[in-house]
Amino acid sequence: MKGRLLFVTDHVYYECDGEVYDTFGFNYEFFAPYLEVFEKVDVLCRLKSVEDSTGLVKSSGDRLEFHGTPAVHGVKWFIDSMKYFRPFAKLIDGVDAICYRIPATAAWNVHLINQRRKQPKPHIFEFVGDPLESLLSVDDGRIKRQIMLLAGRVHGQRMKAIVQSAKTGSYVSASHLQSLYPPPANVNTKAISSIRLNEKYILDSPRELPPLNPIRIVEVASFVIPKNQAYLIRIGSVLKEKGYPIELHFVGTGAEQESARALVNQLNMNDDVVFHNQVTGFDNIVRILDSCHIFCLPSYSEGVPRSMIEAMARGLVCVGTPIGGIVELIDKAHTFPLDDVEHATQFFAQLIDHSDTWMEIGERNIQKAREYGQSVLGPRRIVMYTELRDAIPLD
């Protein structure tokens with residue numbers, strides 16, 4: 001084992017009393033595959049100071065060091081963030097290799113600094129989402145949408161430049177992102193989801209369904225515009241009007257949660273919607289999944305969603321919009337149109353009316369989830385990180 005790796009991401013971590021935390025999945029265990037190959041991993045990320053770590057999971061630990069830029073967002077981050085990265089030039093000089101988790105503005109800034117060196121450090125990429133889709137919203141007006149389309153194209157071209165000069169890399173999708181942002185012909189990439197799914201959470205066969213009154217539909221996602229929780233709330237309201245005993249469950253927090261609560265109140269659905277807020281510990285999320293019947297992602301931007309794979313592992317019926325890597329996980333018959341409440345409601349009504357097929361769907365989903373187990377994806381990660389380590393020039 002040799003070398004020092006710089007892991008670059010736009011993700012926001014939280015600093016409290018000298019330790020670093022995350023809200024959900026990027027705990028210390030997440031970095032284990034990198035630390036298995038490299039002596040030390042430096043994480044360059046957005047960092048926010050908090051006074052209380054309650055409800056957070058610990059990310060910092062042995063041989064892992066975090067370096068923070070301000071937790072800036074929006075246009076300011078996209079256009080004017082290089083000033084936050086210039087002070088890290090010495091950090092870049094001191095590492096042996098770089099892993100870019102993209103799409104990320106941080107990745108582009110570090111890439112520019114690295115490429116200006118006389119001998120750039122070798123790098124790989126981990127492509128986890130479409131940079132264009134991540135900037136668009138179904139609620140955008142025409143002018144804002146045009147601006148976001150332009151920004152998305154610029155962001156996409158930047159990510160392509162990172163891909164084109166990489167030693168190797170991975171995509172969370174099997175084909176979706178590869179077709180949009182292909183690697184050079186001589187670079188052998190891998191399809192590796194970012195999920196860390198312990199096989200102990202994958203059921204052997206579908207569990208007995210909970211009682212169907214109410215019919216519980218769950219979404220596990222941050223409350224940000226791309227996750228589109230408001231769309232599911234509107235669908236649930238129409239289903240309720242049609243007499244279906246619907247109960248919606250939302251796991252996660254975020255900037256859009258208050259507007260979602262206001263919409264629930266406006267549609268008189270307070271008794272039909274449960275906000276679980278941030279749930280820490282995967283066992284607690286599993287308990288919520290196991291109490292529900294249908295997992296739904298009404299998103300308009302997704303890579304290959306980890307939360308859907310986790311729901312599949314528990315044998316839930318999984319549905320979503322035909323976006324990004326969602327269609328690599330579920331059959332087209334289990335997708336519903338985006339931004340079309342009437343047709344989406346018809347889709348759910350038909351699904352509920354044929355609940356006798358749910359066990360069969362659950363069996364198929366469990367088998368699909370097995371493809372994403374840690375014993376399957378873990379060795380692929382180690383191979384990729386080893387290829388990067390072996391590309392480090394000899395002293």
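In this text, residue positions in the sequence shown follow the UniProt record's numbering: the first is 1, and each later residue adds one.
Quick reminder that beta carbons are idealized off the backbone N, C-alpha and C, glycines included.
Close Cβ partners of residue i (< 7 Å) along its chain, the five nearest in sequence each way excluded
i	result
residue 89	113
residue 190	170, 380 and 384
residue 66	13, 20, 43, 45, 47 and 60
residue 378	33
residue 31	41 and 64
residue 131	103, 152, 155, 156 and 159
Contact set for residue i: own chain, Cβ-Cβ below 6 Å, skip 5 residues either direction
i	result
residue 227	221 and 299
residue 396	An answer regarding residue 396 cannot be provided, because it is not within the stretch 1 to 395 covered by the chain.
residue 126	101 and 170
residue 372	193, 195, 197 and 309
residue 22	13, 57 and 59
Contact belief for residue i with residue j at Cβ below 8 Å, rounded distance in angstroms
i	j	result
residue 291	residue 216	6 Å
residue 249	residue 288	6 Å
residue 272	residue 236	7 Å
residue 97	residue 392	6 Å
residue 314	residue 212	Between residue 212 and residue 314 the Cβ distance is about 17 Å, and since that is not below 8 Å, they are no contact.
residue 336	residue 321	7 Å
residue 8	residue 173	Contact flag wrong, Cβ pair sits at about 21 Å.
residue 251	residue 279	5 Å
residue 124	residue 110	Not a contact, Cβ separation roughly 13 Å.
Limits of the beta strand (DSSP E) - the one that residue i falls within
i	result
residue 49	40 to 49
residue 22	19 to 22
Same chain, Cβ closer than 8 Å to residue i, five either side skipped, listed in chain order
i	result
residue 51	16
residue 138	At residue 138, the pLDDT of 47 sits below 50, so the modelled position is not reliable; the number obtained from the coordinates is stated separately. Closer than 8 Å at the Cβ level, and outside the excluded window around residue 138, lie 228, 231, 300, 338 and 339.
residue 115	165
residue 224	254, 255 and 256
residue 328	173, 174, 175, 176 and 304
In DSSP terms, what residue i is bridged to
i	result
residue 101	126
residue 12	46
residue 57	22
residue 161	Per DSSP, none; premise fails for residue 161.
residue 203	Residue 203 is not bridged to any residue.
Extent of the continuous alpha helix (DSSP H) to which residue i belongs
i	result
residue 345	341 to 353
residue 386	374 to 390
residue 33	32 to 37
residue 363	358 to 370
Minimum length 4: unbroken alpha helix (DSSP H) runs contained in the UniProt domain "Glycosyl transferase family 1" (210 to 335): 229 to 241, 257 to 266, 282 to 290, 306 to 313 and 326 to 329
Unbroken stretches of the beta strand (DSSP E), 3 residues or longer, contained in the segment 163 to 188: 168 to 171
Unbroken stretches of the alpha helix (DSSP H), 4 residues or longer, contained in the segment 64 to 120: 74 to 80, 82 to 85, 89 to 94 and 105 to 115
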